[in-house]
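K.L.:
Below: one structure in structure tokens.
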Amino acid sequence: MAIRRHDPLARHAQTLYRVIERFRGFALVSAHPKTGRTHQIRVHLAHIGCPVLCDRYYGGRACLTRGEIRGQAADETVILSRQALHAWRIAFTHPGTNQRLEVEAPLPPDLMTVLEELRQYRSLS
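Quick note: the sequence shown, position 84, residue 74 per this note's numbering, numbers continuous.
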């Protein structure tokens, strides 16, 4: 994905993305930034009308409640109050040893809860 502007000072930014899982009103997306611009993934997803969940700055809601997922407005239990971004894998070349390093991190509990709720209450199947 690339957003084109006719600004001579604009810098190139590219993000590859794919939808991993779809839900009613939500999607689990894998994004791979090819360049390293500030807020790059957030800007690109907002540009295509799919802002990162709970991203106040780029058009997402401030928080996500259990009731919003379940369709029960009375349940105001907040299950996510931060951006739903997670770097599950980071790879880089160590500057001192020149060795390629790769680090993986599992999805944290709060994002797992959201994913489980979506699978149970917003599944498309």
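Ideal Cβ positions, reconstructed from N, Cα and C, are used throughout, including at glycine. Predicted model only: the values in this text are computed from it and were never measured.
Do the segment 56 to 72 and the segment 39 to 47 touch if we need at least three Cβ pairs shorter than 8 Å?
P.N.:
At 8 Å Cβ cutoff, the stretches touch.
K.L.:
So the beta strand (DSSP E) threonine 103 belongs to, where does it begin and stop?
P.N.:
Threonine 103 -> not in any beta strand (DSSP E); alpha helix (DSSP H) instead, spanning 99 to 111.
K.L.:
Using alpha carbons as the reference points, say which of Val93, Leu108, Arg56 and Arg1 lies closest to threonine 28.
P.N.:
Nearest C-alpha to threonine 28: Arg1.
K.L.:
Report the rounded CA-to-CA distance for valine 9 versus alanine 17, giving the unit in angstroms.
P.N.:
Rounded to the nearest angstrom, the two C-alpha atoms are 7 Å apart.
K.L.:
Using only the alpha-carbon positions, how far apart do proline 23 and histidine 34 sit?
P.N.:
Straight-line Cα distance between these residues: approximately 10 Å.
K.L.:
The alpha helix (DSSP H) spanning arginine 32 covers which residue range?
P.N.:
Unbroken alpha helix (DSSP H) run through arginine 32: 30 to 37.
K.L.:
Find out if the Cβ-Cβ distance for the pair arginine 109, glycine 15 is shorter than 8 Å.
P.N.:
No, the pair does not count as a contact, with Cβ atoms beyond the cut-off.
K.L.:
Tell me which same chain residues have a C-beta within less than 6 Å of the C-beta of threonine 103, skipping the five on either side of it?
P.N.:
Cβ neighbours of threonine 103 beyond the five flanking positions: Ile69.
K.L.:
Do you know whose CA, among Leu97, Thr25 and Ile38, lies nearest tyrosine 48's CA?
P.N.:
With distances taken between Cα atoms, tyrosine 48 lies closest to Ile38.
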